[in-house]
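Going by this note's numbering, the first residue of the sequence shown is number 141, and it counts up by one from there.
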Amino acid sequence: MKQEYDQSNILDCPIADVQQIIHGKWAMVVIFYLRDSTLRFGELSRKMPQVTQANLTKELRALEKFGLVHREVYKVVPPKVEYSLTDIGQRFIPVIEALETWAIDYKNTGHVTQ
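Shown next, in the form of structure tokens:
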């Protein structure tokens, strides 16, 4: 069911909330890769070679801050850190999968994405 919102205040729109949480350039890609398994930083970095380590760290911290990603630190030498989706992060997977389907359909219509 479609819900009505105060159109005089854009911040009342729930999509504005989503934009605030998933505003990073690589945030949805991080969620996409974490959807199937827990990954260490290096594993995630190898899946996203065009993203600098600094930017990946920034994305992970933001997603952790908003509660979508869990960061598990193991007290071992060398240090071991793993990232996984939280329950609320897991609830975003159907959205990511719908966007994936839409993106494939969009590309198949001949539209340029880059």
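Beta carbons: idealized from backbone N, C-alpha and C, even for Gly.
Assigned exposure category for residue i - 16 Cβ within 10 Å defines buried
i	result
TRP166	buried
VAL209	buried
LEU196	buried
VAL170	buried
Residue i (DSSP reduced to helix, strand or coil)
i	result
LEU225	strand
LEU200	helix
ARG186	helix
LYS220	strand
Unbroken beta strand (DSSP E) run spanning residue i, endpoints
i	result
VAL158	No beta strand (DSSP E) holds VAL158; the alpha helix (DSSP H) holding it covers 154 to 161.
GLU212	209 to 214
Distance CB(residue i)-CB(residue j) smaller than 8 Å
i	j	result
THR178	TYR246	no
ARG180	VAL221	yes
Residue i beta carbon near the ligand SAH (any heavy atom closer than 7 Å)
i	result
GLN193	Among the ligands in the structure shown, none appear at all, so the ligand SAH cannot be discussed.
Residue from the options with nearest C-alpha to residue i
i	options	result
VAL158	ALA243, ARG231 and VAL252	ARG231
Boundaries of the alpha helix (DSSP H) in which residue i is found, first to last residue
i	result
GLU237	233 to 248
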